[in-house]
Amino acid sequence: MSQIESLHKQAMDLAEAAAVASLRGALELAAQLTRQAFEQETQAAALIANALDAEPTRSVLHRSAASLAIECGELRMAERLIATALSGNPPAEIAEELKDLFIQINLSQYLKRQGIHIDIKELRGLVNQ
Numbered sequence: 003m004s005q006i007e008s009l010h011k012q013a014m015d016l017a018e019a020a021a022v023a024s025l026r027g028a029l030e031l032a033a034q035l036t037r038q039a040f041e042q043e044t045q046a047a048a049l050i051a052n053a054l055d056a057e058p059t060r061s062v063l064h065r066s067a068a069s070l071a072i073e074c075g076e077l078r079m080a081e082r083l084i085a086t087a088l089s090g091n092p093p094a095e096i097a098e099e100l101k102d103l104f105i106q107i108n109l110s111q112y113l114k115r116q117g118i119h120i121d122i123k124e125l126r127g128l129v130n131q
């Protein structure tokens, strides 16, 4: 197994453990596990960042790392990961998901600057009904 695959597997195992911990109400443990998953997935993404011909793996790893970054509150890092992924040649579906993530992390800040206060989680709940 390559180093990238190993890091990704570790990250996904940690993310799954974080989800279980969250369901059990162990929120501090869930946050710690999510942070560890983010760090592992970011390392995996960094190892493949310059391999523009390694799609869709390259963009999938960056999307995953960006999602974990958002969960950890690392919004600037999420933006960088998204930008790196989009700077390559991601498949159209993954590119759309990356753009959605970018909007997710920037929409509430934009609205606040416009004097509109809305909770993105509440908005997402309304949209998904």
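Residue numbering for the sequence shown follows the numbering used here, beginning at 3 and increasing consecutively.
Ideal Cβ placement from N, Cα and C applies to all residues, glycine included.
Original post:
Does the beta-carbon distance from I84 to L103 come in below 7 Å?
Top reply: Taking the first residue of the sequence shown as position 1, residue 84 is located at position 82. Taking the first residue of the sequence shown as position 1, residue 103 is located at position 101. For I84 and L103, yes; Cβs fall inside 7 Å.
Subject >> Those runs of the beta strand (DSSP E) which lie wholly inside the segment 21 to 97 and span at least 3 residues >> reply: none
**OP:** Keeping to the same chain, check which residues put their C-beta closer than 7 Å to that of E41; ignore five residues upstream and five downstream.
**Re:** Counted from its first residue, the sequence shown places residue 41 at position 39. None.
**OP:** Pick helix, strand or coil for Q116, following the three-state DSSP scheme.
**Re:** Taking the sequence shown and counting its residues from 1, one reaches residue 116 at position 114. Three-state DSSP puts Q116 in coil, outside helix and strand.
Original post:
Are there 16 or more other CB atoms within 10 angstroms of the CB of R99, so buried, or fewer, so exposed?
Top reply: By one-based count along the sequence shown, residue 99 stands at place 97. A quick correction: the sequence has Glu, not Arg, at residue 99. With 16 or more Cβ atoms within 10 Å of its Cβ, E99 is classed as buried.
Original post:
Can you give the Cα-Cα distance for T86 and A23, rounded to whole angstroms?
Top reply: Taking the sequence shown and counting its residues from 1, one reaches residue 86 at position 84. Taking the sequence shown and counting its residues from 1, one reaches residue 23 at position 21. Roughly 31 Å separates the two Cα atoms.
Subject >> Short Cβ contact (7 Å threshold) for E76 with T36 >> reply: On the sequence shown, residue 76 is found 74 positions in, with the first residue counted as 1. On the sequence shown, residue 36 is found 34 positions in, with the first residue counted as 1. No, they are not a contact pair.
Original post:
Between Y112, S89 and G117, which lies nearest to N52 when the distance is taken from Cα to Cα?
Top reply: Taking the first residue of the sequence shown as 1, we reach residue 52 at position 50. Taking only the C-alpha atoms, the option nearest N52 is S89.
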